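Below is one structure, written out as C-alpha cells; the observations come after it.
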Amino acid sequence: MKRAGGSPTVALNAKGIRMKEEGIDVLSFAAGEPDFDTPEAVKAAAAEAIRRNDTHYTSAAGTIALRRRIVRKLWEENGIRASEDGIIVTPGAKPALYAALMSFLEEGDECMVLTPAYPSYRSGILMAGAEYVPVPLRFEDGFVVTREMLEAKVTARSKMLIVCSPCNPTGHVLTKREVHDIADFVLEHDMLLVSDEIYEKLIYDGREHLSFGAIPEISDRVVTLNGLSKSAAMTGWRIGYSASSPELARVMLKMQQNTVNCTASFTQFAAITAFDCAAETERMRQSYLERRDLICDGLNAIPAITCPRAEGAFYAFFRIDWRDMSAGELADTLLDKAGVLVVPGTAFGEGGEKCIRMSFAADRASLQEAVRRMRELFA
Ligand SMILES: Cc1ncc(COP(=O)(O)O)c(C=O)c1O
Numbered sequence: 001m002k003r004a005g006g007s008p009t010v011a012l013n014a015k016g017i018r019m020k021e022e023g024i025d026v027l028s029f030a031a032g033e034p035d036f037d038t039p040e041a042v043k044a045a046a047a048e049a050i051r052r053n054d055t056h057y058t059s060a061a062g063t064i065a066l067r068r069r070i071v072r073k074l075w076e077e078n079g080i081r082a083s084e085d086g087i088i089v090t091p092g093a094k095p096a097l098y099a100a101l102m103s104f105l106e107e108g109d110e111c112m113v114l115t116p117a118y119p120s121y122r123s124g125i126l127m128a129g130a131e132y133v134p135v136p137l138r139f140e141d142g143f144v145v146t147r148e149m150l151e152a153k154v155t156a157r158s159k160m161l162i163v164c165s166p167c168n169p170t171g172h173v174l175t176k177r178e179v180h181d182i183a184d185f186v187l188e189h190d191m192l193l194v195s196d197e198i199y200e201k202l203i204y205d206g207r208e209h210l211s212f213g214a215i216p217e218i219s220d221r222v223v224t225l226n227g228l229s230k231s232a233a234m235t236g237w238r239i240g241y242s243a244s245s246p247e248l249a250r251v252m253l254k255m256q257q258n259t260v261n262c263t264a265s266f267t268q269f270a271a272i273t274a275f276d277c278a279a280e281t282e283r284m285r286q287s288y289l290e291r292r293d294l295i296c297d298g299l300n301a302i303p304a305i306t307c308p309r310a311e312g313a314f315y316a317f318f319r320i321d322w323r324d325m326s327a328g329e330l331a332d333t334l335l336d337k338a339g340v341l342v343v344p345g346t347a348f349g350e351g352g353e354k355c356i357r358m359s360f361a362a363d364r365a366s367l368q369e370a371v372r373r374m375r376e377l378f379a
C-alpha cells in the first residue's frame with residue numbers, strides 16, 4: 001500500500017467540493033463524471049426490484065439474467081464471443097480492474113501501461129506487488145502507439161499490458177492499425193491484455209470502437225473491462241463487469257467471492273434495463289460532442305493553448321506553453337488566479353508534461369466562463 005498513490009482526480013474533485021462549500025468561487029472540471037441523470041427507466045427498475053424484496057446476495061459472478069444480457073451485448077455490439085461463465089459483474093469497472101491485477105500479477109512481473117493513463121492502473125499494479133512500466137505516448141503525435149514503442153519497453157518479465165480506448169485522459173481512440181499492432185505484440189510476447197472500454201459509447205466524428213476480445217488469435221488472453229458508469233450516467237450505482245475466457249474468470253472470481261461478495265442485487269436488476277437505453281446514451285453523446293467543440297474552439301483561440309479535439313470520452317487534454325511552467329504549476333495557477341479547477345497532465349503519468357485535463361461534462365455556462373477566465377489570465 002505504501003507504493004500506491006491515492007487517486008489524484010478523486011482528491012482534486014474533493015478539493016473543489018470543499019472550496020465551493022466554503023463559499024469560494026471555483027469552477028470545477030476535475031471529476032470524471034457524467035453530468036446527466038440516470039435514465040428514468042433504470043431508476044424505476046431499481047425501485048421495483050427493491051419493492052419485491054430483490055435485496056439479498058446474488059451469486060458472486062452476478063445474476064444469470066444480467067450476465068446473459070451482457071453476453072448478448074458483447075456478441076451484438078463488440079463481436080466478443082463471450083459466455084456467461086466468462087462474465088463477472090462487479091461494483092463498478094474499478095473492482096474488475098483490481099481483480100485482474102491481483103489475480104494475474106505478482107512480485108517480479110512487469111505490467112506495461114500506455115501513458116498518459118488512468119492513475120488507478122499504476123496504483124493497482126503496485127498494490128499487486130508488480131512493477132509499473134509506462135509506455136509514454138506523445139502529445140505531438142496525437143498519442144498514437146507504435147509497435148516500436150512497445151518493443152522498446154518489453155522484457156522477459158513483461159506479463160500484462162493495459163490499454164484504454166477511448167482514452168481517459170487523452171481522448172485518443174485506437175485505430176485499426178494500433179489495435180492490430182497491440183494484438184500482435186501481446187501474442188508474440190505471450191502477455192495478457194487488459195482492455196478498459198468504459199468510454200466505448202462516447203466516441204466522435206464517425207470513429208469506430210474496436211474490441212480486442214473480438215480478435216480470435218488473442219481472445220483467450222484478453223480481459224475486457226466495461227460498465228455503465230459513463231454510458232448510462234450511473235457512476236454512483238456501482239455497476240461494471242469483466243469479460244474474459246472462463247478460465248481467467250474462474251481465477252478472478254475468487255477475488256470477488258472474498259472481498260465484495262457480489263454487486264448490489266437491485267442495481268444488477270436495474271442494469272438490465274440500462275442496456276436498453278441506447279437512445280439516452282446517444283443524446284448524451286451528442287451533447288458531449290457539442291461541448292467538446294465549444295471548449296476546443298474557445299481554448300484554441302488562446303495563443304498559449306493547443307487543444308486537440310477529443311476523439312472519445314469527455315475530457316479536453318490540452319497543452320499550455322506559458323512561462324515554461326510545468327503541468328502542476330499551470331494547474332495551480334489556473335486555480336489560484338482564475339478559480340478554474342483542472343487536473344495536471346502529469347497526474348496521468350509520463351507524456352502529460354505541460355498538459356491539463358479538463359472535463360467537458362459540465363454545463364455550457366461554466367465552460368464558457370472558464371474559457372473567458374483563462375483568456376483573461378493568459379492575456
Ligand atoms: C478509464 C477508466 N476506467 C475505469 C473507471 C472506473 O469506472 P467505474 O466507476 O465503473 O468504477 C473510470 C472512471 O473514471 C475510468 O475513467
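Under the numbering used here, the first residue of the sequence shown carries the number 1, and numbering increases by one thereafter.
Every residue gets a Cβ at the ideal spot worked out from N, C-alpha and C, and that includes glycine.
Note that the structure is a prediction, hence the values are computed from the model and not measured.
- Met1 classed as buried or exposed, judged by whether at least 16 other C-beta atoms fall within 10 angstroms: Position 1 of the sequence shown, counting from 1, holds the residue named residue 1. Met1 should be labelled exposed.
- Query: Roughly how many angstroms lie between the CA atoms of Asp321 and Asp35, to the nearest whole one?
  - Reply: Taking the sequence shown and counting its residues from 1, the one referred to as residue 321 is at position 321. Taking the sequence shown and counting its residues from 1, the one referred to as residue 35 is at position 35. Distance between the alpha carbons of Asp321 and Asp35: 30 angstroms.
- Query: Should Lys176 be flagged as near chain D, meaning a C-beta pair shorter than 8 angstroms?
  - Reply: The displayed structure is made up of one protein chain only, and chain D is not part of it.
- Keeping to the same chain, check which residues put their C-beta closer than 8 angstroms to that of Leu380; ignore five residues upstream and five downstream. Lying before the first or after the last residue shown, residue 380 is absent from the chain, which here runs from 1 to 379.
- Taking the C-alpha atoms as reference points, what is the distance between Gly142 and Ile305? Taking the first residue of the sequence shown as position 1, residue 142 is located at position 142. Taking the first residue of the sequence shown as position 1, residue 305 is located at position 305. Near 15 angstroms, if we compare the C-alpha coordinates of Ile305 and Gly142.
- Any chance you could list the residues with Cβ under 6 angstroms from a heavy atom of ligand 1, keeping chain order? Gly32, Gly92, Ala93, Lys94, Tyr118, Cys164, Asn168, Asp196, Ile198, Gly227, Ser229, Thr235, Gly240
- Query: Which residues in the same chain as Thr38 place their Cβ atom closer than 6 angstroms to its Cβ, once the five residues preceding and following it in sequence are excluded?
  - Reply: For the purposes of this step, residue 38 is taken as residue 38 along the sequence shown, with counting starting at 1. Closer than 6 angstroms at the Cβ level, and outside the excluded window around Thr38, lie Ala233, Met234.
- Query: In three-state DSSP terms, what is Ser229?
  - Reply: The count along the sequence shown starts at 1 and reaches residue 229 at position 229. Residue state, collapsed to three classes: coil.
- Task: Would you mind sorting Arg157 into buried or exposed? The rule is 16 or more other CB atoms within 10 Å of its CB.
- Result: Locating residue 157 in the sequence shown gives position 157, where the first residue counts as 1. The residue is exposed, with fewer than 16 neighbouring Cβ atoms inside 10 Å.
- Item | Uninterrupted alpha helix (DSSP H) stretches inside the segment 7–74 (no shorter than 4 residues) | 8–21, 40–51, 64–73
- Task: Enumerate, from N- to C-terminal direction, the unbroken beta strand (DSSP E) stretches of 3 or more residues contained entirely within the segment 84–170.
- Result: 87–90, 110–115, 131–136, 158–164
- Query: Residue range of the beta strand (DSSP E) that Ala243 falls in?
  - Reply: Along the sequence shown, one-based indexing puts residue 243 at 243. Segment 240–243, the beta strand (DSSP E) holding Ala243.
- Message: Check for me: the beta strand (DSSP E) holding Ile288 runs from which residue to which?
- Response: For the purposes of this step, residue 288 is taken as residue 288 along the sequence shown, with counting starting at 1. Here the sequence assigns Tyr to residue 288, which means Ile is not the residue at that position. Taken as a continuous stretch (DSSP letters only), Tyr288 belongs to no beta strand (DSSP E), being part of the alpha helix (DSSP H) at 278–300.
- Item | Enclosing alpha helix (DSSP H) for Ile182 [first to last residue] | Here residue 182 corresponds to residue number 182 of the sequence shown, with the count starting at 1. 176–188 is the extent of the alpha helix (DSSP H) around Ile182.
- Spatial distance of Glu288 from Phe314 (CA atoms): Taking the sequence shown and counting its residues from 1, the one referred to as residue 288 is at position 288. Taking the sequence shown and counting its residues from 1, the one referred to as residue 314 is at position 314. The identity of residue 288 in the sequence shown is Tyr, whereas the question assumes Glu. When rounded, the distance between both Cα atoms is 7 angstroms.
- Message: To the nearest angstrom, how far is the alpha carbon of Val179 from that of Ala117?
- Response: If you number the sequence shown from 1, residue 179 lands on position 179. If you number the sequence shown from 1, residue 117 lands on position 117. For Val179 and Ala117, the distance between alpha carbons rounds to 17 angstroms.
- Task: Could you tell me how far apart the beta carbons of Ala100 and Val223 are, in whole angstroms, since I believe they sit closer than 8 angstroms?
- Result: As a position in the sequence shown, residue 100 is number 100, starting the count at 1. As a position in the sequence shown, residue 223 is number 223, starting the count at 1. Contact holds; Cβ gap of about 5 angstroms.
- Query: Can you give the Cα-Cα distance for Arg285 and Lys354, rounded to whole angstroms?
  - Reply: In the sequence shown, counting from the first residue as 1, residue 285 sits at position 285. In the sequence shown, counting from the first residue as 1, residue 354 sits at position 354. So the alpha carbons of these two residues sit roughly 28 angstroms apart.
- Member of Ala61, Ala30, Glu329, Gly312 whose CA lies at the smallest distance from the CA of His209: In the sequence shown, the residue the question calls residue 209 occupies position 209. When only C-alpha atoms are compared, the closest one is Gly312.
- Message: Quick test of your reading: Arg122 and Gly349, contact by CB under 8 angstroms. State the CB separation rounded to the nearest angstrom.
- Response: Residue 122 sits at position 122 when you count from the first residue of the sequence shown. Residue 349 sits at position 349 when you count from the first residue of the sequence shown. 6 angstroms between Cβ atoms; contact.
- Item | Exposure label - Gln368; buried when at least 16 CB within 10 Å | Position 368 of the sequence shown holds residue 368. So Gln368 counts as exposed.
- Task: Out of Glu217, Leu187, Ser229, point me to the one whose CA is closest to Asp196's CA.
- Result: Mapped onto the sequence shown, residue 196 falls at position 196. If we check each option's Cα against that of Asp196, Ser229 comes out closest.
- Query: Across which residues does DSSP place Ala319 in a beta bridge pair?
  - Reply: Counting from one through the sequence shown, the residue named residue 319 turns up at place 319. It is worth fixing the name first, because residue 319 is Arg in this sequence and not Ala. Answer is Thr306, Cys355, bridged to Arg319.
- Item | Residue from Val135, Ile239, Lys94, Pro303 with nearest C-alpha to Thr115 | Sequence index remark: in the sequence shown, residue 115 carries index 115 (1-based). Answer by Cα proximity: Val135.
- Query: Below 8 angstroms between beta carbons: does that hold for Arg372 and Arg291?
  - Reply: Here residue 372 is taken as the residue at index 372 of the sequence shown, counted from 1. Here residue 291 is taken as the residue at index 291 of the sequence shown, counted from 1. Not closer than 8 angstroms, so no.
- Would you mind stating whether Ser211 and Gly79 have Cβ atoms separated by less than 8 angstroms? Position 211 of the sequence shown, counted from the first residue, corresponds to residue 211. Position 79 of the sequence shown, counted from the first residue, corresponds to residue 79. Yes, the Cβ-Cβ distance between Ser211 and Gly79 is below 8 angstroms.
- Query: Quick one: what does DSSP say Gly312 is sitting in, helix, strand or coil?
  - Reply: Taking the sequence shown and counting its residues from 1, the one referred to as residue 312 is at position 312. Strand.
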